[in-house]
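Protein chains in written order, with this note's numbering: chain A, 1 to 171; chain B, 172 to 591.
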Amino acid sequence: MSDLRDLYQTVILDHYKKPRNFGRPPDADLSAEGVNPLCGDRVQVFVRLEGDQLAAVGFEGSGCAISTAAASLMTEAVQGRTRKQIDELFARYHDMVTGARDADSHESAGQTLRVLPHESAGQTLHVLPSLGKLEVLAGVREFPARVKCATLVWHALLAALEGRGERVTTE
Amino acid sequence: MSSARELLRGPAAPLTDLEVARLREDFPILHQRMHGKPLVYLDSANTSQKPRSVIEAVARFYSTDYANVRRGVYELSERADRAFEGARERLRRFLNAREAREIVFVRGTTEAINLVAGSFGRRLAAGDEILITAMEHHSNIVPWQMLCEQRGTRLVVAPIDDRGDVILDELARRIGPRTRLVSVVHVSNALGTVNPVREIAALAHAQGVPVLLDGAQAAPRMPVDVRELGCDFYALSGHKLYGPSGIGALWGRAELLEEMPPWQGGGEMIETVSFEKTTYAALPAKFEAGTPNIAGAVGIGAALDWLEAIGLDSIAAYEHELLGYATERLAELPGVRLIGTALRKSGVLAFAIEGIHAHDVATILDREGVCVRAGHHCAQPVMERFGVPATVRASFGVYNTRDDVDALLRGLRTAIEVFR
Numbered sequence: 001m002s003d004l005r006d007l008y009q010t011v012i013l014d015h016y017k018k019p020r021n022f023g024r025p026p027d028a029d030l031s032a033e034g035v036n037p038l039c040g041d042r043v044q045v046f047v048r049l050e051g052d053q054l055a056a057v058g059f060e061g062s063g064c065a066i067s068t069a070a071a072s073l074m075t076e077a078v079q080g081r082t083r084k085q086i087d088e089l090f091a092r093y094h095d096m097v098t099g100a101r102d103a104d105s106h107e108s109a110g111q112t113l114r115v116l117p118h119e120s121a122g123q124t125l126h127v128l129p130s131l132g133k134l135e136v137l138a139g140v141r142e143f144p145a146r147v148k149c150a151t152l153v154w155h156a157l158l159a160a161l162e163g164r165g166e167r168v169t170t171e
Numbered sequence: 172m173s174s175a176r177e178l179l180r181g182p183a184a185p186l187t188d189l190e191v192a193r194l195r196e197d198f199p200i201l202h203q204r205m206h207g208k209p210l211v212y213l214d215s216a217n218t219s220q221k222p223r224s225v226i227e228a229v230a231r232f233y234s235t236d237y238a239n240v241r242r243g244v245y246e247l248s249e250r251a252d253r254a255f256e257g258a259r260e261r262l263r264r265f266l267n268a269r270e271a272r273e274i275v276f277v278r279g280t281t282e283a284i285n286l287v288a289g290s291f292g293r294r295l296a297a298g299d300e301i302l303i304t305a306m307e308h309h310s311n312i313v314p315w316q317m318l319c320e321q322r323g324t325r326l327v328v329a330p331i332d333d334r335g336d337v338i339l340d341e342l343a344r345r346i347g348p349r350t351r352l353v354s355v356v357h358v359s360n361a362l363g364t365v366n367p368v369r370e371i372a373a374l375a376h377a378q379g380v381p382v383l384l385d386g387a388q389a390a391p392r393m394p395v396d397v398r399e400l401g402c403d404f405y406a407l408s409g410h411k412l413y414g415p416s417g418i419g420a421l422w423g424r425a426e427l428l429e430e431m432p433p434w435q436g437g438g439e440m441i442e443t444v445s446f447e448k449t450t451y452a453a454l455p456a457k458f459e460a461g462t463p464n465i466a467g468a469v470g471i472g473a474a475l476d477w478l479e480a481i482g483l484d485s486i487a488a489y490e491h492e493l494l495g496y497a498t499e500r501l502a503e504l505p506g507v508r509l510i511g512t513a514l515r516k517s518g519v520l521a522f523a524i525e526g527i528h529a530h531d532v533a534t535i536l537d538r539e540g541v542c543v544r545a546g547h548h549c550a551q552p553v554m555e556r557f558g559v560p561a562t563v564r565a566s567f568g569v570y571n572t573r574d575d576v577d578a579l580l581r582g583l584r585t586a587i588e589v590f591r
């Protein structure tokens, strides 16, 4: 049950039941859809850029707790950030949910990141504080089948930011 | 073939708990732990596990009799031929088909339907219609859509009701002067519905229209007699009937298969080849281009031996009891909605839990050692029809027990607990 509790943390369940930034911001001008053909889940991300900065972001769709919470948490994390910051954040996030990030320190998005030790489930994990609340999704790494649930919305976001209005899939 | 148990207890008596406990011993894979819990495999509608006799038959064939078929003049090749053709004859008996040459080996149900779409369909004209139902698997939708794109045929869909039963009057109304084939699932993988395929065949034949049955789910769960059902094509997969994956069969009435053009071209399907003209082999080789899955065929033969030694009537009766028990137990849980409540069901228990997505349920069940499928089950139009993005599907095989159902219920209570 412990790894289930790691996966389905209170914060995740809260964002699943009450997703933030759900819906299309009235002034959004770019969007993209993410589809997981394996399960039929879909998510649509809406954004508005002001210069290089993300001025508005929202999402719609139906999915599992992981994908919905990942979308909700993502919208909070990327609001107001620049394209470059978003790319870096996603690189770190991706490493976290795939389990690629467990060395003491390593290269990510071209720069060495500072890491702090952090006690969790009896073992030392090294976490990047800059991921902030997104850290609650770290439990996904123990569930490889669910990594795509946690990353689909990010792929849709990046497609929307690049003005690739087309559909992105997990495959 | 009547087994010893049929002679003693009658053909339709459900398996006893003792008999199921014994036959579970035939499945090496079931005796392991998953995440520290006993493995509970409830995904047999997806693919079934394999009894030792199938695993050993395939290993023995590769160890002693393997060579290519229909080519060699040497003894080993003749042995391989006998094993391969023996499996075809075994399938003929299993389906009570008239002739072994009516059995075409394919990769599985999907390929069988693609064969009919690609060969039978090549003779169709723009405006001709293929009639299916709203509960079909993607494998009985997409090949026809591809045909529609190529030839301008039309795909017509008969609706289903809120229980998940096909509405027969609506289906009958859709059989018209341009209908060229009715293609229907025998047992629905997403809903468990057992379709009234005899009635459907009679309705179609009254208009002179042939009928294809997708038997992927039915063949492992109930006796199938293609002549008694009155269909014209029957498609099945080895991996769902306790045999290997990558092998299946299309049965077709000889008159139809004879008329149909070859599908794939290559070796084994020809009589003579020259650059001016090639003539094709007789049935069934006409539809079996290339080296087939020879050991797969041997495996399917062993699976049918195993299945029929138990008795499909007894399996059907036992699974019916088990499904009844699971349906009752599931009703104990709050917020559960069964998807698929047809009058006749087999083997499949699909449901949605309020406030919990199917994938989350499946992840939590996995940690309890319980394997179920979550998603659209390759039947997205069915999900659409019932207004759910996905369902959880527990499906039963002959090795499942009430204990397995109880483990499922414990896991579901955990899921409800986690999401409270």
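All C-beta atoms, glycine included, are put in the ideal place defined by N, C-alpha and C. Since the structure is predicted, the reported quantities are computational estimates derived from the model, not experimental observations.
query = At a CB-CB cut-off below 9 Å, which residues of chain B make contact with A:Ala-150?
reply = What A:Ala-150 touches in chain B, judged by beta-carbon distance under 9 Å, is nothing: the nearest beta carbon there is about 12 Å away.
request  = Could you tell me whether the Cβ of B:Met-554 comes closer than 8 Å to any Cβ of chain E?
outcome  = The question asks about chain E, but that chain is absent: this structure's protein chains are A and B.
message = Between which residues of its own chain and B:Ser-290 is the CB-CB distance below 6 Å, once the five residues before and five after are set aside?
response = Apart from the 5 residues on each side of it in sequence, B:Ser-290 sits with its Cβ closer than 6 Å to the Cβ of Met-431, Pro-432, Trp-434 in its chain, given in chain order.
Among B:Asp-484, B:Gly-506, B:Leu-520, B:Ala-473, the one whose alpha carbon lies nearest that of B:Tyr-496 = By alpha-carbon distance to B:Tyr-496, the top candidate from B:Asp-484, B:Gly-506, B:Leu-520, B:Ala-473 is B:Leu-520.
inquiry  = For the region 13-27 of chain A against the region 223-241 of chain B, do three or more pairs of beta-carbon atoms, one drawn from each stretch, fall closer than 8 Å, so that the two count as touching?
reply    = By the Cβ test, the region 13-27 of chain A is not in contact with the region 223-241 of chain B, since fewer than three Cβ pairs between them sit closer than 8 Å.
key: Cut-off 6 Å between Cβ atoms - residues of its own chain near A:Leu-134, not counting five sequence neighbours on either side   = A distance below 6 Å between beta-carbons, with the five flanking residues on each side excluded, links A:Leu-134 to the following residues of its chain, in chain order: Leu-73, Ala-77, Tyr-93.
query = Run through DSSP, which three-state label would B:Ile-587 get?
reply = The three-state secondary structure of B:Ile-587, taken from DSSP, is helix.
query = In whole angstroms, what is the alpha-carbon distance linking B:Glu-320 and B:Ala-296?
reply = Taking the straight line from one Cα to the other gives about 12 Å.
inquiry  = In whole angstroms, give me the CA-to-CA distance for B:Thr-187 and B:Tyr-489.
reply    = One C-alpha to the other measures close to 8 Å.
key: Same chain, Cβ closer than 6 Å to B:Met-172, five either side skipped, listed in chain order   = For B:Met-172, the pLDDT reaches just 48, beneath the cut-off of 50, and the residue's location in the model is therefore unreliable, leaving the point undetermined.
key: Cα-Cα separation, A:Leu-4 to A:Ala-69   = Between the alpha carbons of A:Leu-4 and A:Ala-69 lies a distance of about 15 Å.
message = Strictly under 8 Å for the Cβ-Cβ distance: is B:Pro-560 near chain A by that measure?
response = So yes, B:Pro-560 belongs to the interface.
request  = Give me the Cα-Cα distance between A:Gly-34 and A:Gln-85, rounded to the nearest whole angstrom.
outcome  = Near 21 Å, if we compare the C-alpha coordinates of A:Gln-85 and A:Gly-34.
task = Kindly list the residues whose CB is nearer than 7 Å to the CB of B:Gln-316, restricted to its own chain and excluding five residues on each side of it in sequence; keep chain order.
result = Same-chain partners within the cutoff: Leu-326.
task = Just confirm the distance between the C-beta atoms of B:Gly-540 and B:His-206, as a whole number of angstroms; I'd bet it's less than 8 Å.
result = Contact check for B:Gly-540 and B:His-206: beta-carbon distance about 6 Å, within the 8 Å limit, so the pair qualifies.
key: Positions along the region 516-536 of chain B whose CB lies within less than 7 Å of some CB in chain A   = Here the close residues are His-528, His-530, Asp-531, Thr-534, Ile-535.
ask   = Along chain A, which residues have their Cβ under 8 Å away from the Cβ of B:Gln-551?
value = What B:Gln-551 touches in chain A: Gly-40.
inquiry  = So, at 6 Å on beta carbons, what are the nonlocal neighbours of A:Gly-58 in its own chain, with the 5 sequence-adjacent residues on each side left out?
reply    = Same-chain partners within the cutoff: Asn-21, Gly-23, Arg-24, Pro-25, Phe-46.
ask   = Tell me which same chain residues have a C-beta within less than 8 Å of the C-beta of A:Leu-7, skipping the five on either side of it?
value = So the qualifying residues of the chain are Ile-66, Gly-139, Val-140, Glu-142, Phe-143, Arg-146.
key: B:Phe-590: contacting residues in chain A (beta-carbon distance under 7 Å)   = Scanning chain A for C-beta atoms nearer than 7 Å to the C-beta of B:Phe-590 yields Leu-13, reported in chain order.
inquiry  = Strictly under 8 Å for the Cβ-Cβ distance: is A:Phe-143 near chain B by that measure?
reply    = In terms of beta-carbon proximity, A:Phe-143 lines the interface with chain B, with at least one pair separated by less than 8 Å.
key: Endpoints, the alpha helix (DSSP H) within which B:Tyr-413 is located   = Neither: B:Tyr-413 is in no alpha helix (DSSP H) and is coded neither H nor E.
ask   = A:Ala-77 touches chain B at which residues, Cβ-Cβ below 7 Å?
value = In chain order: nothing, as chain B lies at least about 22 Å away.
query = Enumerated in chain order, which unbroken segments of the beta strand (DSSP E) with a length of 3 residues or greater are wholly contained in the region 11-37 of chain A?
reply = Qualifying beta strand (DSSP E) stretches, in chain order: 30-36.
message = What does the Cβ neighbour count give for B:Asp-333, buried or exposed, with the cut at 16 atoms within 10 Å?
response = By the 16-neighbour rule on beta-carbons within 10 angstroms, B:Asp-333 is exposed.
task = Let me know the secondary structure DSSP gives B:Gln-316 once reduced to three states.
result = Note: B:Gln-316 maps to helix in three-state DSSP.
key: CB contact check: B:Arg-538 to chain A, cutoff 8 Å   = The beta-carbon of B:Arg-538 is placed less than 8 Å from the nearest beta-carbon of chain A.
inquiry  = Classify B:Tyr-245: buried if its beta carbon has 16 or more other beta carbons within 10 angstroms, exposed otherwise.
reply    = Burial call: exposed.
ask   = Of all the options A:Asn-36, A:Arg-83, A:Ser-62, A:Ala-71, which has the alpha carbon lying nearest to the alpha carbon of A:Val-153?
value = Ranking A:Asn-36, A:Arg-83, A:Ser-62, A:Ala-71 by Cα distance to A:Val-153 puts A:Ala-71 first.
task = Compare the C-beta of B:Gly-546 with all C-beta atoms of chain A and state if any pair is closer than 8 Å.
result = B:Gly-546 belongs to the set of residues whose beta carbon lies under 8 Å from a beta carbon in chain A.
ask   = A:Tyr-93 CB to nearest chain B CB: under 8 Å?
value = Output row for A:Tyr-93: interface = no.
message = If distances are taken between C-alpha atoms only, which option among B:Glu-426, B:Glu-447, B:Leu-428, B:Lys-457 comes closest to B:Ile-441?
response = The residue among B:Glu-426, B:Glu-447, B:Leu-428, B:Lys-457 with its C-alpha nearest the C-alpha of B:Ile-441 is B:Lys-457.
task = Taking A:Ala-65 as the query, report the chain B residues whose CB atoms sit under 7 Å from its CB, ordered along the chain.
result = Correct list: His-528, Asp-531.
key: Neighbour list for A:Arg-146 in chain B, Cβ cutoff strictly below 7 Å   = Contacts between A:Arg-146 and chain B, judged by CB atoms closer than 7 Å, involve Thr-534 in chain order.
request  = Return the residue from the list B:His-202, B:Asp-214, B:Tyr-233, B:Arg-193 that minimises the CA-CA distance to B:Asp-537.
outcome  = The residue with the shortest Cα to Cα distance from B:Asp-537 is B:Asp-214.
key: Where B:His-276 falls, given that 16 or more other Cβ within 10 Å makes a residue buried   = The residue you asked about is not His; residue 276 of chain B is Phe in the sequence shown. B:Phe-276 comes out buried.
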